[in-house]
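*Asks:*
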Amino acid sequence: MPHGPYPPELLTTAQMARADRLTIESGVAGMALMEKAAAAIAAAATAFLVKTAGRRVLVLCGPGNNGGDGYVAARMLRSQRFKVRVAALVPPESLRGDAREAASTWDGRVEDATSCDFTGVDLVIDALFGTGLARDIDGPAAVLIERLNAWRAETRQKIIAVDIPSGVDGTSGAIRGVAVQADSTVTFFRLKCGHLLLPGRLRCGAISCAHIGIRSTVLQQIAPQTFVNEPDAWGAALRLPSVEGHKYARGHAVVVSGGASHTGAARLAATAALRAGAGLVTLATPQDAVAVNAPALTSVMLRVADGPAGLSALLEDRRKNVVALGPALGVGEDCCALVEAALAPSPEPRAAVLDADVLTSFALAPERLKEAIANAPGPVVLTPHGGEFARLFHGQRWERTLSGAPISKLERTRDAAREVGAVIVFKGPDTVVAAPDGRASILPHATPWLATAGSGDVLTGIVAGLLAQGMEPFAAASCAVWMHAAAAEDFGPGLIADDIINHLPAAWRRLTATQS
Ligand SMILES: NC(=O)C1=CN([C@@H]2O[C@H](COP(=O)(O)OP(=O)(O)OC[C@H]3O[C@@H](n4cnc5c(N)ncnc54)[C@H](O)[C@@H]3O)[C@@H](O)[C@H]2O)[C@H](O)CC1
Ligand SMILES: [K+]
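Take any residue in the sequence shown, note its place counting from 1, add 5, and you have its number in the numbering used here.
#1: Alpha carbon to alpha carbon, how far is R244 from A24?
#2: Looking at the structure shown, is H257 part of a helix, part of a strand, or coil, going by DSSP?
#3: So C214 is in the beta strand (DSSP E); what residue range does that whole segment cover?
#4: Does the count of Cβ pairs from the segment 141-155 and the segment 96-112 closer than 8 Å reach three?
#5: If you draw a straight line from the C-alpha of T192 to the C-alpha of I169, how long is it?
#6: From what residue to what residue does the alpha helix (DSSP H) around D25 run?
#7: Return the first residue and the last residue of the beta strand (DSSP E) that S189 is part of.
#8: Report the residue from D339, M36, K56 whose alpha carbon sits nearest the alpha carbon of R101.
#9: Among P13, K41, A34, M81, whose alpha-carbon lies nearest the alpha-carbon of A238?
#10: Assign T222 to buried or exposed, taking buried as 16 or more other Cβ atoms, counted over all protein chains shown, within 10 Å of its Cβ.
#11: Considering only heavy atoms of ligand 1, does any lie closer than 7 Å to the CB of M81?
#12: Could you give the DSSP three-state label for P97: helix, strand or coil?
#13: L133: beta carbon under 7 Å from a heavy atom of ligand 2?
#14: Cβ of L153 within 7 Å of any heavy atom in ligand 1?
#15: Leaving out the 5 sequence neighbours to the left and right, which residues in its chain are closer than 7 Å to L528 when beta-carbon positions are compared?
#16: On the criterion of 16 or more Cβ atoms from any shown chain inside 10 Å, does R324 qualify as buried, or is it exposed?
#17: How far does the alpha helix (DSSP H) with T418 in it reach, from first residue to last?
#18: Is the separation between the beta-carbon of A347 and that of V328 shorter than 8 Å?
#19: Counting only the same chain and skipping the five closest in sequence on each side, list residues whose C-beta sits under 7 Å from that of P332.
#20: Distance check for A281 and C484, CA to CA, integer angstroms please.
#21: Under the rule that 16 or more other beta-carbon atoms within 10 Å means buried, what is P441, buried or exposed?
#22: Touch check for the segment 382-393 and the segment 418-437: three-plus C-beta pairs under 8 Å?
#23: Just curious, the beta strand (DSSP E) that N326 is in, first and last residue?
#24: Check for me: the beta strand (DSSP E) holding T303 runs from which residue to which?
#25: Might you give, ordered along the chain, the residues of its own chain that have their beta carbon closer than 7 Å to the beta carbon of A511, omitting 5 neighbours on each side?
#26: At a cut-off of 7 Å, is N298 close to ligand 1 when judged by its beta-carbon and the heavy atoms of the ligand?
#27: Decide if S262 is buried, meaning its Cβ has at least 16 other Cβ atoms within 10 Å, or exposed.
#28: Kindly indicate which three-state DSSP category R502 falls into: helix, strand or coil?
#29: Within a Cβ cutoff of 8 Å, which residues of the same chain sit near Q520, ignoring the five residues on either side of it in sequence?
#30: Where does K41 land, buried or exposed, given buried means 16+ other C-beta within 10 angstroms?
#31: According to DSSP, P449 sits in a beta bridge with which residue or residues?
#32: With a floor of 4 residues, list each alpha helix (DSSP H) that falls wholly inside the segment 267-301, ordered by position along the chain.
#33: Within the same chain, show all residues whose beta-carbon is closer than 6 Å to that of A427, passing over the 5 residues directly before and after it, in chain order.
#34: Between T303 and G499, what straight-line distance do the alpha-carbon atoms span, to the nearest angstrom?
#35: Determine contact between the segment 154-169 and the segment 45-57, defined as no fewer than three beta-carbon pairs at a distance below 8 Å.
#36: With distance defined between alpha-carbon atoms, name the residue in V297, S99, E345 nearest to S266.
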């Protein structure tokens, strides 16, 4: 699993290549970058070998600069008296540019990687393919990677990946044919999107990011729009309560409850909105559910709001600046009508969070949802999981471009956000948040315990609570996803949705510690 914190920007492989080019054009030699990249790999390998008292390293080198890093790291490790073997996919004489120069600094034997033997090896360095991977891996290289993974599984020996595990697409996180299963990955300058998107993320092991002499100022020209979902990316937009602040200054969120036998989900969302810092939260309940909701609430207020007319009347109070609906609301026309009431134009701005049954209810009429969002009196955040996303954005079913490159969850979320005009939180172990203006974030660390009943309802409430405080919607949605994961991580095994709410204060503490 990845280890943070990381630099905030995430790059595509094309953006990384541009950062590399801009640096070389500014007068830094490509070989100097490669030497630093290799030094970071050699340091990671040394730390591992010293810890495990291992001595024998096998460096697998590919046909490009990723292989070049491998040759230089091999030389560095041998100078530290480790027993180093190099095995390559192509003969060193056939390499070009920096890779050729790098290979010329290795004066040892170069074995043929396709027939190399792993017996007795303590550590493998995977320098086969990096950000230049351009198509699916097949033939002898694929067989080699399969043999390598089988060796690791059998012997439990370790693999360090140079930049990215070979076979993982650095932009999309897709596996191109086969991919190395690494125990750790040392990348350079900035993480690539494919390090955090599944399935790539699961192939990386622990990720570290080394500085190799590329200045962050190159990012001004590249203008990346994707960020690691960590406080650095959105902390500046946080609205922390002030001592002299009134509760009304922290907003008033309304959460809409389902009918008498479906009330728990909305109560989870409402309580989470309060814990996320909303000044007041009202649960809007149908008359038939009052008797169920009333005894189950303390700090959350309760008001009757039957159907669209009831909700419109409740929302006439202009201080109610967020409405959240969807959890256990029931699928169908009644649900669509409630959403239209919630998004109806209003003289005061009001944000909305739409989740669960709302997303399914509009699956047959996405244009209708788009129109309601276009006329809404404030920003709208949609929080689909995979099934809801597929139902609502079924037009986006293509997995690859015409040239065969994989289309990632990141790009699909970004396209959907642009299309519908709302911030989209596409949930999952690699939750992506995207805004209509193209900004996106990817969660670097999720706990498997988050996949539990009611977890999504809590997330809806946290988004609503942060929006109530006036946080900018992309930042609010990203922050909510981070807090949700941080609370779950704080609780650990055995987590149920209520625990996420109860551990939000721990997430707040972690967050405020990063801000001071
Ligand atoms: N970007 C930087 O700042 C630095 C990067 N370094 C390292 O260089 C690699 C990227 O190098 P590049 O030469 O562009 O690409 P690769 O080595 O990943 O591979 C290109 C090589 O492989 C062939 N190829 C592509 N796909 C396949 C395939 N499926 N099957 C077979 N062959 C394939 C392609 O034709 C090329 O020949 C980066 O990851 C870093 O490790 C620098 O060392 C430091 C600065
Ligand atoms: K690699």
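The C-beta atom is built at its ideal place from N, Cα and C for all residues, glycine as well.
All values reported here derive from a predicted model rather than from experimental measurement.
*Replies:* Walking through what the data contain:
#1: Looking at the backbone, the Cα of R244 and that of A24 are separated by about 34 Å.
#2: The three-state reading of DSSP puts H257 in strand, counting E and B together.
#3: In the DSSP assignment, C214 falls within the beta strand (DSSP E) that extends over 211-215.
#4: Counting Cβ pairs under 8 Å, fewer than three are found: no touch.
#5: Whole-angstrom Cα-Cα distance: 7 Å.
#6: 18-30 is the extent of the alpha helix (DSSP H) around D25.
#7: Where S189 is concerned, the enclosing beta strand (DSSP E) stretches over 189-193.
#8: The candidate whose alpha carbon is nearest that of R101 is M36.
#9: Of the listed residues, the one whose Cα sits closest to A238 is P13.
#10: When all chains shown are included, T222 counts as exposed.
#11: It does not: the Cβ of M81 is nowhere closer than 7 Å to a heavy atom of ligand 1.
#12: For P97, the three-state secondary structure derived from DSSP is helix.
#13: Because some heavy atom of ligand 2 lies under 7 Å away, the Cβ of L133 counts as near it: yes.
#14: No, the beta carbon of L153 sits no closer than 7 Å to any heavy atom of ligand 1.
#15: As shown, the chain starts at 6 and ends at 521. That puts residue 528 outside it, with no answer to give.
#16: Burial state of R324 is exposed, judged by a 10 Å Cβ sphere holding fewer than 16 other Cβ atoms.
#17: Membership of T418 in the alpha helix (DSSP H) is indicated by the continuous run 414-425.
#18: Judged by beta-carbon spacing, V328 lies within the 8 Å limit of A347, meaning their Cβ atoms are closer than that value.
#19: For P332, where only same-chain residues beyond five positions count, the Cβ hits under 7 Å are A270, A271, A274, D360, A361, D462, T465.
#20: Approximately 10 Å between the Cα atoms of the pair.
#21: Counting every other CB atom within 10 Å of its CB across the protein chains shown gives P441 a total of 16 or more, marking it as buried.
#22: Contact check between the segment 382-393 and the segment 418-437: three or more CB pairs, one atom from each, fall below 8 Å, which counts as touching.
#23: Segment 325-330, the beta strand (DSSP E) holding N326.
#24: No beta strand (DSSP E) contains T303, which DSSP labels as neither H nor E.
#25: Residues A492, D495 of the same chain have their beta carbon placed closer than 7 Å to that of A511, with the five preceding and five following residues left out of the count.
#26: For N298, the shortest separation between its Cβ and any heavy atom of ligand 1 does not lie below 7 Å.
#27: In summary, S262 is buried, with 16 or more beta-carbon neighbours lying within 10 Å of its beta-carbon over all protein chains present.
#28: A quick correction: the sequence has Ala, not Arg, at residue 502. The DSSP-derived three-state label of A502 is helix.
#29: Exclusion of the five residues before and after Q520 leaves P236, G240, L243, L245 as the residues of its chain whose Cβ lies within less than 8 Å of its Cβ.
#30: Buried, by the Cβ-count rule.
#31: DSSP, once it has assigned bridges, lists no residue as partnering P449.
#32: As far as the segment 267-301 is concerned, its whole alpha helix (DSSP H) runs of at least 4 residues are 269-280, 295-298.
#33: Excluding sequence positions up to five before and after A427, its CB lies within less than 6 Å of the CB of I378, V385, L387, all in the same chain and listed in chain order.
#34: Straight-line Cα distance between these residues: approximately 26 Å.
#35: Segment contact: the segment 154-169 against the segment 45-57, three or more CB-CB distances shorter than 8 Å; contact assigned.
#36: Of V297, S99, E345, the residue nearest in Cα terms is V297.
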